[in-house]
Amino acid sequence: MTAKTRLRLLLSVPAIVLIFVFMILPITNMIEMSFRTPGTSEPFGPDYTGMHYTRILGDGYYWGVLARSLLTAGLVTVLCLIVSFPIAWHLSRARGLKAVLLYACIVSPLMTGVLVRNFGWMIVTALNGPLNETLMALGIIERPLRLLFTQGLVVLALVHVFVPFMVLPINNALRNIPESLTEASASMGASRMQVFRDIILPLSFPGIQPGMILVYVLAVAAYVTPALLGGQMVSVMPTLIVGELTGTFQWPFGSALAITLSVSTVIVVVTFTMLTSKLMERAKA
Amino acid sequence: MATVEAIKLHKRYHDFVALDDVTLRAESGQLVTLLGPSGCGKSTTLRCLAGFLDPEGGDITLDGESILKLPSNRRGFGVVFQNYALFPHMTVAENIGYGLRLQKCPKPDMARRVGEAVDLVRLNGLEDRLPRQISGGQQQRVALARALVMKPRLLLLDEPLANLDARLRDEVRWLIRDLQQQSGITAFYVTHDQSEAMAMSDMVAVMKAGRVAQFATPREIYQKPVERYVADFTGEANFLACQSVAEQGSGQYRIEAGGTVLTVAGVQGLNGRAELLVRPETLRLAAPDEAADFNGRIVKCAFVGASQLCEIALPDGGTLKLTAAPNTPVHVGDAAAVVMDRAQAWLMPEVAP
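In order, the protein sequences belong to chains B and U.
So the first sequence is numbered by my numbering: it starts at 1 and just counts up by one.
So the second sequence is numbered by my numbering: it starts at 286 and just counts up by one.
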């Protein structure tokens, strides 16, 4: 073994330890747990069984919650993309102080803790909260709107907090598009819309793809926001899993739900990546 | 096939005056070069013509009609950029066909025209490559084909050869000139390379700090510059400071320069201090019994293969650079007699009024 390979191995030790301790180990543990029999006086029993998965896959209720989780995350991702693109565009064109201020505004949702932020939403959207009162005072609505504990509010709050994860990679991609490309396409007769469709959008894909994956994964796994703002009405996989783990202490079943969600998410992400690989391949400069 | 005029263009960026009263004219089918150092306004002028920039004052006309209000995508001009600006996510054929696709050109027609353009710039076999998979010279030819396939009313080239190595530069330069002349397209060409400008252009505009210092044919720019700046920028030159006295009727001047009294042609209306332009190639060392125009002493001498480069100090402090035949015996410190082709000497002011 040469000194160089020794050094390489040495340098990779922290990463390997980190991944092993905080990823491989817990996931293996979780998979093992998902095959345990349910316990009576303990969180899990002594034997192994596949009954939790048959229960999940055989019950329409769980399919429904899983579908809601995946679709909600999909909706959040798409809305995030729509909201973020114009912001990313402005950010990519900003220089100096303006750029600094814009960056600060964009990451501002991340500067508040998750609980504070969600309690904020609860207060603002409550039946007698400032939003409803203002709308009523302005005569726009007659009765207070029921916003809290709705799917819509969960989606809105998630879009709000995940926008930075979409804006920053797209901004990066947009900054890498030389202005001469848009000028070239304009000189060839392209309207602003055509420049956007043919040049800007495809070339920003190296930012769009990671942004979408990031937001999707974060949205699927979001727990606090659906738990606080969705209430009992909107159950998604994470709230269900936490309920099993800490409410009824069904660790094996909770683990099986968690593994189901993880596997589903991986399938969605891999499918998305494969479907968009051609776009990605082309746009790589 | 259009006559294009830029009339009194003005443009400023904050405090910096980028264009100051720029007036140019390209007759139908002409190639007009904008020549100058960086920051002189040549690219700004081109960007105004293309419609990427709006001048603050002045007008741009095409066949007499103002096009200032037309956005760049409605001008129908072909633009070739210094960095080529090829669309990295499109193949060579898609790049070339992009403008036709926007025009909703029927598929078979489009394929034919793209094929012709590919033939024209000799890129056959590379149609399905992406820009990053071909060389710089090939990318440049794609950019050219992409501009020409649209049959533009005006072709604008912004330092198209700047990123090519010397050998390719020569090849692509002739290709550009050939294609421009074959198709008879009016063109503006921006460069900071005087030999490129000389070789390719019908007309050259030498630019200086946002203004057009001189707008004339390459021959006139080189042989009859209006001021020292233009002479300096267009090639090797000797300048001899002198006092000029106009000769009645002949349009010529009587001067004393480098210890010799001469009668030479020059810029009209000179009076008093002036500069005599003597290109090195109009000078030669005198034969033993020949009458010399200048007598001096050799102070520098270098053998460069095809010739020897010499610098000669004159009694009044001026110097002359000239080329001598490779095997002429010349030594630093020797006295040298120099003969000048007087018809090619040119008197001009140091700075045009």
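We treat Cβ as the ideally placed atom computed from N, Cα and C, and that holds for glycine.
In this text, all values refer to a predicted model and were calculated from it rather than measured experimentally.
Per DSSP, what kind of secondary structure is residue i in: helix, strand or coil?
{"i": "residue 177 (chain B)", "result": "coil"}
{"i": "residue 596 (chain U)", "result": "strand"}
{"i": "residue 1 (chain B)", "result": "coil"}
{"i": "residue 538 (chain U)", "result": "strand"}
{"i": "residue 45 (chain B)", "result": "strand"}
{"i": "residue 146 (chain B)", "result": "coil"}
{"i": "residue 238 (chain B)", "result": "helix"}
{"i": "residue 80 (chain B)", "result": "helix"}
{"i": "residue 490 (chain U)", "result": "strand"}
{"i": "residue 434 (chain U)", "result": "coil"}
{"i": "residue 521 (chain U)", "result": "coil"}
{"i": "residue 528 (chain U)", "result": "strand"}
{"i": "residue 606 (chain U)", "result": "strand"}
{"i": "residue 35 (chain B)", "result": "coil"}
{"i": "residue 496 (chain U)", "result": "strand"}
{"i": "residue 410 (chain U)", "result": "coil"}
Let me check one thing: in DSSP terms, what residues is residue i bridge-paired to?
{"i": "residue 631 (chain U)", "result": "U:550 and U:562"}
{"i": "residue 474 (chain U)", "result": "U:318 and U:442"}
{"i": "residue 295 (chain U)", "result": "U:305 and U:342"}
{"i": "residue 583 (chain U)", "result": "U:597"}
{"i": "residue 85 (chain B)", "result": "According to DSSP, residue 85 (chain B) bridges with nothing at all."}
{"i": "residue 623 (chain U)", "result": "U:570 and U:579"}
{"i": "residue 365 (chain U)", "result": "U:442"}
{"i": "residue 533 (chain U)", "result": "Looking at the DSSP assignment, residue 533 (chain U) forms no beta bridge with any residue, so it has no partner."}
{"i": "residue 187 (chain B)", "result": "Answer by DSSP bridge pairing: none, since residue 187 (chain B) is not bridged."}
{"i": "residue 350 (chain U)", "result": "U:347"}
How many angstroms separate the CA atom of residue i from the CA atom of residue j?
{"i": "residue 595 (chain U)", "j": "residue 288 (chain U)", "result": "46 angstroms"}
{"i": "residue 590 (chain U)", "j": "residue 392 (chain U)", "result": "57 angstroms"}
{"i": "residue 291 (chain U)", "j": "residue 487 (chain U)", "result": "17 angstroms"}
{"i": "residue 460 (chain U)", "j": "residue 319 (chain U)", "result": "19 angstroms"}
{"i": "residue 363 (chain U)", "j": "residue 527 (chain U)", "result": "47 angstroms"}
{"i": "residue 548 (chain U)", "j": "residue 462 (chain U)", "result": "39 angstroms"}
{"i": "residue 53 (chain B)", "j": "residue 259 (chain B)", "result": "10 angstroms"}
{"i": "residue 366 (chain U)", "j": "residue 556 (chain U)", "result": "44 angstroms"}
{"i": "residue 428 (chain U)", "j": "residue 281 (chain B)", "result": "22 angstroms"}
{"i": "residue 495 (chain U)", "j": "residue 384 (chain U)", "result": "32 angstroms"}
{"i": "residue 361 (chain U)", "j": "residue 87 (chain B)", "result": "32 angstroms"}
{"i": "residue 588 (chain U)", "j": "residue 518 (chain U)", "result": "25 angstroms"}
{"i": "residue 388 (chain U)", "j": "residue 143 (chain B)", "result": "54 angstroms"}
{"i": "residue 33 (chain B)", "j": "residue 251 (chain B)", "result": "7 angstroms"}
{"i": "residue 309 (chain U)", "j": "residue 315 (chain U)", "result": "12 angstroms"}
{"i": "residue 338 (chain U)", "j": "residue 332 (chain U)", "result": "6 angstroms"}
{"i": "residue 100 (chain B)", "j": "residue 343 (chain U)", "result": "37 angstroms"}
{"i": "residue 125 (chain B)", "j": "residue 146 (chain B)", "result": "8 angstroms"}
With distances taken between CB atoms, is the gap from residue i to residue j smaller than 8 angstroms?
{"i": "residue 30 (chain B)", "j": "residue 255 (chain B)", "result": "yes"}
{"i": "residue 408 (chain U)", "j": "residue 423 (chain U)", "result": "yes"}
{"i": "residue 564 (chain U)", "j": "residue 629 (chain U)", "result": "yes"}
{"i": "residue 105 (chain B)", "j": "residue 215 (chain B)", "result": "no"}
{"i": "residue 374 (chain U)", "j": "residue 202 (chain B)", "result": "yes"}
{"i": "residue 154 (chain B)", "j": "residue 226 (chain B)", "result": "yes"}
{"i": "residue 560 (chain U)", "j": "residue 513 (chain U)", "result": "yes"}
{"i": "residue 490 (chain U)", "j": "residue 317 (chain U)", "result": "yes"}
{"i": "residue 157 (chain B)", "j": "residue 132 (chain B)", "result": "no"}
{"i": "residue 122 (chain B)", "j": "residue 228 (chain B)", "result": "yes"}
{"i": "residue 70 (chain B)", "j": "residue 224 (chain B)", "result": "no"}
{"i": "residue 65 (chain B)", "j": "residue 237 (chain B)", "result": "yes"}
{"i": "residue 84 (chain B)", "j": "residue 166 (chain B)", "result": "yes"}
{"i": "residue 626 (chain U)", "j": "residue 567 (chain U)", "result": "yes"}
{"i": "residue 307 (chain U)", "j": "residue 497 (chain U)", "result": "yes"}
{"i": "residue 472 (chain U)", "j": "residue 442 (chain U)", "result": "yes"}
{"i": "residue 380 (chain U)", "j": "residue 431 (chain U)", "result": "yes"}
Given that residue i touches chain U, what residues does it touch there, using C-beta distances under 7 angstroms?
{"i": "residue 199 (chain B)", "result": "372"}
Could you name the residues of chain B that residue i contacts, counting a contact when the two beta carbons are closer than 8 angstroms?
{"i": "residue 364 (chain U)", "result": "183, 184 and 187"}
{"i": "residue 357 (chain U)", "result": "183, 186 and 187"}
{"i": "residue 579 (chain U)", "result": "Correct list: empty, because the minimum Cβ distance to chain B is about 51 angstroms."}
Note down, in chain order, every chain B residue with its Cβ under 9 angstroms from the Cβ of residue i.
{"i": "residue 304 (chain U)", "result": "The premise fails here: residue 304 (chain U) is roughly 18 angstroms from chain B at the closest Cβ pair, so nothing lies under 9 angstroms."}
{"i": "residue 387 (chain U)", "result": "185, 188, 189, 190, 191, 194 and 198"}
Whose Cβ in chain B lies nearer than 7 angstroms to the Cβ of residue i?
{"i": "residue 395 (chain U)", "result": "Here the premise fails: no neighbours, minimum Cβ distance about 13 angstroms."}
{"i": "residue 448 (chain U)", "result": "Residues of chain B passing the Cβ test: none, with the nearest at roughly 13 angstroms."}
{"i": "residue 384 (chain U)", "result": "188 and 189"}
Would you say the beta carbon of residue i comes nearer than 7 angstroms to a heavy atom of the ligand FAD?
{"i": "residue 53 (chain B)", "result": "This structure simply doesn't include the ligand FAD, nor any ligand for that matter."}
Which chain U residues are close to residue i, counting only those with a beta carbon under 9 angstroms from its beta carbon?
{"i": "residue 203 (chain B)", "result": "372, 373 and 374"}
{"i": "residue 283 (chain B)", "result": "373 and 374"}
Taking C-beta pairs closer than 8 angstroms, name the residues in chain U that residue i reaches, listed in chain order.
{"i": "residue 164 (chain B)", "result": "Simply none; closest approach about 27 angstroms."}
{"i": "residue 178 (chain B)", "result": "368 and 370"}
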